[in-house]
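Protein chains: 2
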Amino acid sequence: MSKTGRRDVDLPGAFAALALSPEDIIHEAAGIPSTQVSRKRDIIVAGEHCETVFINHAGWLFRYKILHNGNRQILDFILPGQVFGLQACLFESSLYSIATITDVSLSMIPLDMIERMAERSPELVKALFRSATCEAAILGEHLIDASRRSARERIGHLLLELFLRLKSAGLVEGMSFEMPLTQELISDAVGLTTVHVNRTLRSLRDAKLIAIDGSNVTILDFEALSRLCGFENGYLGEAARKHPTGMNPPRRATADD
Amino acid sequence: MSKTGRRDVDLPGAFAALALSPEDIIHEAAGIPSTQVSRKRDIIVAGEHCETVFINHAGWLFRYKILHNGNRQILDFILPGQVFGLQACLFESSLYSIATITDVSLSMIPLDMIERMAERSPELVKALFRSATCEAAILGEHLIDASRRSARERIGHLLLELFLRLKSAGLVEGMSFEMPLTQELISDAVGLTTVHVNRTLRSLRDAKLIAIDGSNVTILDFEALSRLCGFENGYLGEAARKHPTGMNPPRRATADD
DNA sequence: CGCGGCATTGAGGCATATCAATGGTCGTGG
DNA sequence: CCACGACCATTGATATGCCTCAATGCCGCG
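Chains A and B are the protein sequences, given in the same order. Every letter in the first sequence is one number past the one before it in the working numbering, and letter 234, counting from 1, is 234. Every letter in the second sequence is one number past the one before it in the working numbering, and letter 165, counting from 1, is 165.
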């Protein structure tokens, strides 16, 4: 149900293929030296054009936008193994900015090189397409997060998402992972106040669902956390199948069925 | 600055290319008869696979997902001229459902036909890519809506977005357009209660920003509405042109400082 | 004529925002 | 080694925007 057909990981479809590091690209771009960028630097600035596609080998980045009132909305986090920057290439000017959180190691691939490669390899095209689609899927999840979930749900969901994505990248140890995010970054990602993020994290800790030690996060009770924030394992299909024809499902079934 | 390079419409980059109806496809698929579907029908159901790409010629649809608690989140609306269903093709199973709001007229194009055409036409590939990217951009805007904007802002933003998208499809008359949405659909799209949507619409009407007569919506004061909901005029190209190097204001210059 | 879908309005409660202050940690310079 | 400032986490008190529950009205349709 949640297979992507390519990397058969046991993850919700949305995440499985995103971190897909198109080996084709990486291999092909082997000649390109990787670039080091230090933390808190802008890589792509909204409004500027860009002719480069990036591959992130190590470190965290995030995609964001500054709103008219000065608020910052973080659209998603970019983890190791991810490709980014295609959107900026396709538009005259990038819609969003991308900045580093930690020190990162990147490959910068000129757009025309991608194009040349794409002509020879339909596989590559599909891989890129899939990656773009996955990005959209994650955005969709975040949209649901922001508009329909409570603070606990949003943060729990974010933690689970990061855990699973890092897991698929082989970057977790047991149930723990490194999360180099300040509470301010989290708040800008989930659309809450730093104050409230703090309180919510505390309440999750008090509930023994997670543990936090510095930047190290441990999921203490995966099951309970998933339940709490509606991270349905295999969330595709279940609800939909119950209402095969109906777009008018018993929505607002106030009580959870 | 907000041009897409293809259809030089005076619209925010995000919308400009979305309604791009790849003439290539339409022309090529001329042999395919268009199908009529009546209102309130599911076209694609989340969790099922799909081997067809659709072009919407007339009518409104929407992409949605039912959450575990029975809530329905609407991700976006699909207007005339739009292509949809590619995501469902790329995943083993579709992440979202798509249903009609009004009666619609669709072209259904088998995936393998798309693939064959794509091999011959890099242009088509680019067009599809651009369309997918635009979809993601709209999702991004909706994400910002939901997480950072007030009720008035969200609804104002939705109305402006629909207005501009319909305008680019030639479906507005002056400042008015037909909006076949119930308040419940609106509430599921912007993440509010129907009750609150109702109150907010009233307050927008009282403020003489919009007028509503049945399903006919009129933007009375485009400027004021844009300002109200942070629909940066810059977005429309104006301010963007004023800040040729960047649409992002001078705040928060580097990631976070 | 009655019923179902949709819009509208009121009253009260809760989750999150806002404002304000404190404490801990780390790097840096004296 | 200590003093200091920058940055981040934490906590309390209060305000408010949106939700929830509940009721009424309107209109089209069988």
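The C-beta atom is built at its ideal place from N, Cα and C for all residues, glycine as well. In this text, all values refer to a predicted model and were calculated from it rather than measured experimentally.
- Contacts with chain B at 8 Å (Cβ-Cβ) include Ala-132 (chain A).
- Contacts with chain A at 8 Å (Cβ-Cβ) do not include Leu-201 (chain B).
- Between the segment 108-117 of chain B and the segment 33-40 of chain A, the count of Cβ pairs shorter than 8 Å is below three; the stretches do not touch.
- Annotated three-state conformation of Thr-182 (chain A) is coil, per DSSP.
- Phe-129 (chain A) carries a helical assignment under DSSP once its states are collapsed to helix, strand and coil.
- Listed in chain order, the alpha helix (DSSP H) elements of length 4 or more contained wholly in the segment 176-222 of chain A are 183-190 and 194-206.
- A Cβ of chain B is located within less than 8 Å of the beta carbon of Glu-119 (chain A).
- Secondary structure of Phe-231 (chain A) (DSSP, three-state): coil.
- Closer than 8 Å to the CB of Ser-147 (chain B) there is at least one CB belonging to chain A.
- When B:Val-104, B:Glu-123 and B:Ile-138 are compared, the shortest CA-CA separation from Arg-165 (chain B) is found for B:Ile-138.
- When DSSP states are grouped into helix, strand and coil, Glu-51 (chain A) belongs to the coil group.
- For Gln-87 (chain B), there is no enclosing beta strand (DSSP E); the residue is part of the alpha helix (DSSP H) that begins and ends at 86-90.
- The bridge partners DSSP lists for Lys-65 (chain B) are B:Gln-73.
- The beta carbon of Arg-152 (chain A) sits closer than 8 Å to the beta carbons of Thr-200, Ser-203, Leu-204, Leu-228 and Cys-229 from its chain, once the five residues preceding and following it are set aside; these are given in chain order.
- If you ignore the 5 residues before and after Val-172 (chain A), its C-beta comes within less than 6 Å of the C-beta of Leu-166, all in its own chain and listed in chain order.
- Close to chain A, meaning a Cβ-Cβ distance shorter than 8 Å, are the following residues of the segment 63-93 of chain B: Tyr-64, Lys-65, Ile-66, Leu-67, His-68, Asn-69, Gly-70, Asn-71, Arg-72, Gln-73, Leu-75, Leu-86, Gln-87, Leu-90, Phe-91, Glu-92 and Ser-93.
- Taking the Cα of Arg-149 (chain A) as reference, the smallest distance to any Cα among B:Gln-73, B:Ala-211, B:Thr-52 and B:Val-45 is reached at B:Gln-73.
- Around Val-125 (chain A), the beta-carbon contacts reaching into chain B at under 7 Å are Val-125.
- Counting the other CB atoms within 10 Å of its CB gives Pro-80 (chain A) a total of 16 or more, which places it among the buried residues.
- Its chain contains Ser-38, Arg-39 and Gly-59 as the residues whose beta carbon lies nearer than 6 Å to that of Asp-103 (chain B), once the 5 sequence neighbours on both sides are disregarded; these appear in chain order.
- Contact note: Leu-143 (chain B) reaches chain A through Gln-73, Leu-75, Leu-139, His-142, Leu-143 and Ala-146, using a C-beta cutoff of 8 Å and chain order.
- Among the residues of chain B, those whose CB is under 9 Å from the CB of Phe-129 (chain A) are Leu-86, Leu-90, Val-125, Leu-128, Phe-129 and Ala-132, following chain order.
- Under DSSP, Ala-58 (chain A) takes part in a beta bridge, and its partners are A:Ser-105.
- One Cα belongs to Glu-135 (chain A), the other to Leu-220 (chain A), and the distance between them is close to 28 Å.
- Cβ-Cβ distances below 6 Å link Val-45 (chain B) to Ser-97 in the same chain, with the five nearest sequence neighbours on each side left out; the list follows chain order.
- Thr-182 (chain B) counts as exposed, since fewer than 16 other C-beta atoms from the protein chains shown sit within 10 angstroms of its C-beta.
- Taking C-beta atoms under 8 Å as the contact rule, Ile-55 (chain B) and Ser-107 (chain B) qualify, at a distance of about 4 Å.
- The beta carbon of Glu-161 (chain A) does not come within 8 Å of any beta carbon belonging to chain B, so the residue lies off that interface.
- With its beta carbon less than 8 Å from one in chain A, Pro-122 (chain B) belongs to the interface.
- Taken atom to atom, the span from the alpha-carbon of Leu-111 (chain B) to that of Ser-94 (chain A) is near 30 Å.
- Put simply, the CB of Leu-158 (chain B) is far from chain A, with every gap to its CB atoms at 8 Å or more.
- When the five nearest sequence neighbours on each side are left out, the beta carbons in the same chain lying within less than 8 Å of the beta carbon of Leu-185 (chain B) are those of Phe-62, Ile-74 and Ile-101, in order along the chain.
- Inter-residue distance for Tyr-64 (chain A) and Ala-189 (chain A) is about 9 Å (C-alpha atoms, whole angstroms).
- Asp-76 (chain A) sits buried, since 16 or more C-beta atoms from the chains shown fall within 10 Å of its C-beta.
- Rounded to the nearest angstrom, the gap between the Cα atoms of Gly-170 (chain A) and Leu-162 (chain A) is 12 Å.
- Rounded to whole angstroms, Ile-212 (chain A) and Pro-180 (chain A) show a C-alpha spacing of 12 Å.
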